[in-house]
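Report on one structure; see the data block that follows.
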Amino acid sequence: MAKLITQDEDGNDVEVEIDYTPEQIEELKTKAEESTAKIDEFTKKIEEKEAELEKLRSKDLNFSKYREKTEEEKKKWEEGLKGDVKEVYDELKVLKEERITEKTKRFDSAKKAVLSSLAGDNEDLKKSIENRAADFVGEAQTEEEMEKRFRQAYVLIKEESPKPNPLYEMKPGGSFGDPTDTPPDFVKTERGKQTYEALFGRPPMTHEEIKKNNPFM
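For the sequence shown, our numbering begins at 595 and goes up steadily by one.
So this is what it looks like as C-alpha cells:
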C-alpha cells in the first residue's frame, strides 16, 4: 500500500492509502510526462506548419474560402493541391492525426486508471461500472465527465460512495477530478500543487492547456 497526503473538506491534511506501490505511481508519472511531452511536441510542430501554411494561403485566394466548403468540396479541393501547398498541408494533416491518437491513448489510460481506483482487480465490477455508465444519457466528452459517470455508476451498483483516491484525482490528461464531491480546488492549494507536480512532473494545467491537450474538448 502506498500513502498520499490529501485534504478533507475542512482543509485538514488526511493520509489516504491507495492500492498502488510507489514504483507503480512513479511509472504512471513517467508515462504521463512522456505523453505530455509528445503532445507538446506535436502541438509545436502543428503551430509551425500552420504558420507556414498561412504564408502560402495568402498567395491563394481559394484557400481563404476553405472553411466555407462542404466535406465533398473539401475532398475535391485537397485532391487538387500541388507543390509546396500540398506538401505542407499533408504534413499538417498527419501531425494533427498523430496528436489526436496520442490524446486518445491518454484518455483511455485515464479510463483504466479510474476503473482500477474504483474496482481494483475485480474485472466483473469494472465491466458492471462501464455498462451502468453507458446507460446514462449522452457520452462523456472529457476525462472529468468520464470519471464522474463511472463514480455515479459505482454508487448505483454498490449503494455506497467510493473512497477518495488522490492518485486518480490527478489524471493523465491534466484535469483534476473530485471523487467524493469535496471542494474541487485542492489542486490550486500549495499542497495540491506539490502533490500534482510530484506525480506528473509539471504544474497543474490551466483551462486553456487542458482544452489543447484533450481530444474531446
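Every residue gets a Cβ at the ideal spot worked out from N, C-alpha and C, and that includes glycine. Computed from a predicted model, the values in this text were never measured in an experiment.
When the Cα atoms are used, what is the spatial distance from Tyr748 to Leu675?
For the purposes of this step, residue 748 is taken as the residue at position 154 of the sequence shown. For the purposes of this step, residue 675 is taken as the residue at position 81 of the sequence shown. C-alpha separation (whole angstroms): 52 Å.
Please confirm whether Val682 and Leu650 have their CB atoms less than 8 Å apart.
The count along the sequence shown starts at 1 and reaches residue 682 at position 88. The count along the sequence shown starts at 1 and reaches residue 650 at position 56. The answer is yes: Cβ separation under 8 Å.
Would you call the segment 705 to 717 and the segment 732 to 752 in contact, with 3 or more CB pairs under 8 Å?
yes
Could you check if Ile723 is buried or exposed, using at least 16 other CB atoms within 10 Å of its CB as the buried criterion?
Here residue 723 refers to the residue found at position 129 of the sequence shown. Buried is the call here.
Answer yes or no: do Lys643 and Glu685 have a C-beta to C-beta separation smaller than 8 Å?
Stepping through the sequence shown from its first residue, residue 643 is reached at position 49. Stepping through the sequence shown from its first residue, residue 685 is reached at position 91. Cβ atoms of Lys643 and Glu685: closer than 8 Å.
DSSP three-state assignment for Val749, whether helix, strand or coil:
Here the question's residue 749 lines up with position 155 in the sequence shown. Helix, per DSSP.
Return the residue from the list Asn716, Leu712 and Thr698 that minimises the CA-CA distance to Gln735.
Residue numbering aside, residue 735 sits at position 141 when the sequence shown is read from its first letter. The option with the nearest alpha carbon to Gln735 is Thr698.
For my contact list, Phe636 and Arg693 are in at a C-beta cut-off of 8 Å; report their separation, rounded to the angstrom.
Counting from one through the sequence shown, the residue named residue 636 turns up at place 42. Counting from one through the sequence shown, the residue named residue 693 turns up at place 99. Contact between Phe636 and Arg693 holds: their C-beta atoms lie close to 4 Å from each other, under 8 Å.
Inter-residue Cα distance where the pair is Glu633 and Glu696:
Translated into positions along the sequence shown, residue 633 becomes position 39. Translated into positions along the sequence shown, residue 696 becomes position 102. Residue identity check: residue 633 is Ile in the sequence provided, not Glu. If you take the alpha carbons of Ile633 and Glu696, they lie about 7 Å apart.
May I have the straight-line CA-CA distance separating Thr624 from Asp718, to the nearest angstrom?
The residue given as residue 624 occupies position 30 in the sequence shown. The residue given as residue 718 occupies position 124 in the sequence shown. Looking at the two C-alpha atoms, the distance is approximately 29 Å.
With a CB to CB cut of under 6 Å and the five nearest residues on each side skipped, what residues in its chain are close to Thr730?
Walking along the sequence shown from the start, residue 730 turns up at place 136. Here residue 730 turns out to be Phe, not Thr, going by the sequence shown. The answer, listed in chain order, is Arg743.
What whole-angstrom Cβ distance do Ala704 and Glu737 have, given they're in contact under 8 Å?
Here residue 704 refers to the residue found at position 110 of the sequence shown. Here residue 737 refers to the residue found at position 143 of the sequence shown. Indeed, because the Cβ distance is near 5 Å, the residues count as touching under 8 Å.
Span of the alpha helix (DSSP H), counted from its first residue to its last, around Asp678
Taking the sequence shown and counting its residues from 1, one reaches residue 678 at position 84. Per DSSP, Asp678 belongs to the alpha helix (DSSP H) from Gly677 to Ala713.
Same chain only: Cβ atoms within 7 Å of Leu750, ignoring 5 sequence neighbours per side
In the sequence shown, counting from the first residue as 1, residue 750 sits at position 156. Closer than 7 Å at the Cβ level, and outside the excluded window around Leu750, lie Arg726.
How should Thr630 be labelled, buried or exposed, when 16 other C-beta atoms within 10 angstroms of its C-beta is the threshold for buried?
Walking along the sequence shown from the start, residue 630 turns up at place 36. Classification for Thr630: buried.
Do you know how far the Cα of Asp715 is from the Cα of Lys690?
Working through the sequence shown from its first residue, we reach residue 690 at position 96. Working through the sequence shown from its first residue, we reach residue 715 at position 121. Near 35 Å, if we compare the C-alpha coordinates of Asp715 and Lys690.
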